[in-house]
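Quick notes on the structure that follows.
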Amino acid sequence: MQIDPSGTSSLLYFDRLRDCSGLAHALSTRNGTPGEPGGLDLAWSPGDDPEPVRRRIASAAGDLGVDPRAVCCALQVHGSTTACIDELPAEDPQAPCRVWGQCDALVTGRPGITLLIRVADCVPLVLYDPVQRVVAAVHAGWKGTLAGIAAAAVERMGERYGCRPADVLAGIGPSIGPCCFEVGDDVAELFRAGFDGAGRCMMMNCRAVTIDLPEANRLQLVGSGVSPGNIEVAGICTCCRSDVFFSHRGEQGKTGRFGLFASLRA
Ligand SMILES: [Zn+2]
0 MQIDPSGTSS LLYFDRLRDC SGLAHALSTR NGTPGEPGGL DLAWSPGDDP
50 EPVRRRIASA AGDLGVDPRA VCCALQVHGS TTACIDELPA EDPQAPCRVW
100 GQCDALVTGR PGITLLIRVA DCVPLVLYDP VQRVVAAVHA GWKGTLAGIA
150 AAAVERMGER YGCRPADVLA GIGPSIGPCC FEVGDDVAEL FRAGFDGAGR
200 CMMMNCRAVT IDLPEANRLQ LVGSGVSPGN IEVAGICTCC RSDVFFSHRG
250 EQGKTGRFGL FASLRA
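Here it is in structure tokens:
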């Protein structure tokens, strides 16, 4: 994945997944239609005006070549619950797209359904099995990483659709990097005690403990049987590149959300 030198692309792609004819996917950035206030900010919570976000989702879906009315997001809660979307939830005039409910990984085997995960520093992951034709979109902040959401998604793909982890191609998207993700003693202790492989994704800089969340998720996928050669890591820090991506920490919490879109092509 490359940020274009001008930094003006509205959508970015994983190199290997882009070559998969059965998959449509993209990461959105801050950059929307020129002149449109808010760029491609996809932040929305129940009760908010859905219209601006509906327009931005339609814009991104149009660029991606998918049906904007078949985009389905989740109410993300930093947990380890996965949902299989084989039927779209009903349209809701109060929401900018279809909304599944509370969970942090969406999985589908149905072409035409577009999964949407929204982030601003948390890790967005796409998992694609070209053999069984199944795709997942995952939201993994530090809590979800610790709860094992990426592993839970791989497991669900296996249970529900018969996917073999060795067939899964994975993309780990832009998120806060080890350069910027300093944590307090409380989070550091939770990771040390609760994360398998903590020693390989935690470091110490001159001030604090840092956690490499993309690496933690990569280790978790490998632990689930995904081949290291099938995992692409974007290697882009959202906090360092808050010119391109929304960053919760880089903007002191006052920021929007960018999206991971993933869909099986018919
Ligand atoms: Zn950084």
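Each residue of the sequence shown is one higher than the one before, starting from 0 at the first, in numbering that gives the first Met the number 0. C-beta: ideal position from N, C-alpha, C; glycine also.
From what residue to what residue does the beta strand (DSSP E) around residue i run?
i, result
"Leu168", "Leu168 to Ile171"
"Asp184", "It is not in any beta strand (DSSP E) - Asp184 instead sits in the alpha helix (DSSP H) that spans Asp184 to Gly193."
"Val137", "Val133 to Ala139"
"Ala25", "Leu22 to Ser27"
"Gly258", "Phe257 to Leu263"
"Val221", "No beta strand (DSSP E) contains Val221, which is instead part of the alpha helix (DSSP H) from Leu212 to Gly222."
With a 10 Å radius around its C-beta and 16 neighbouring C-beta atoms as the bar for buried, classify residue i as buried or exposed.
i, result
"Met201", "buried"
"Ser79", "buried"
"Gly193", "exposed"
"Asn216", "buried"
Put residue i into one of helix, strand or coil per three-state DSSP.
i, result
"Trp99", "strand"
"Pro110", "coil"
"Thr237", "coil"
"Val153", "helix"
"Ala73", "strand"
"Pro49", "coil"
"Gly228", "helix"
"Ile331", "Nothing about residue 331 can be read from this structure; the chain reaches only from 0 to 265."
"Asp14", "helix"
"Pro123", "strand"
I want to check one thing, is the minimum distance from the CB of residue i to the heavy atoms of ligand 1 below 8 Å?
i, result
"Gly176", "yes"
"Cys239", "yes"
"Ile83", "Looking at the sequence shown, residue 83 is not Ile but Cys. It does not: the Cβ of Cys83 is nowhere closer than 8 Å to a heavy atom of ligand 1."
"Cys19", "no"
"Cys179", "yes"
"Cys236", "yes"
Please look up how many angstroms separate the CB atoms of residue i and residue j, rounded, as I've assumed it's under 8 Å.
i, j, result
"Arg117", "Arg29", "Not a contact, Cβ separation roughly 13 Å."
"Phe260", "His24", "6 Å"
"Val70", "Ile56", "6 Å"
"Pro49", "Ala94", "5 Å"
"Leu220", "Val153", "7 Å"
"Leu263", "Val137", "Their Cβ separation, rounded to whole angstroms, is 16 Å, which puts Leu263 and Val137 out of contact at 8 Å."
For residue i, decide whether its Cβ has a neighbour in chain C, counting only Cβ atoms nearer than 9 Å.
i, result
"Thr7", "Considering every chain present, this structure includes no chain C. It has just one protein chain."
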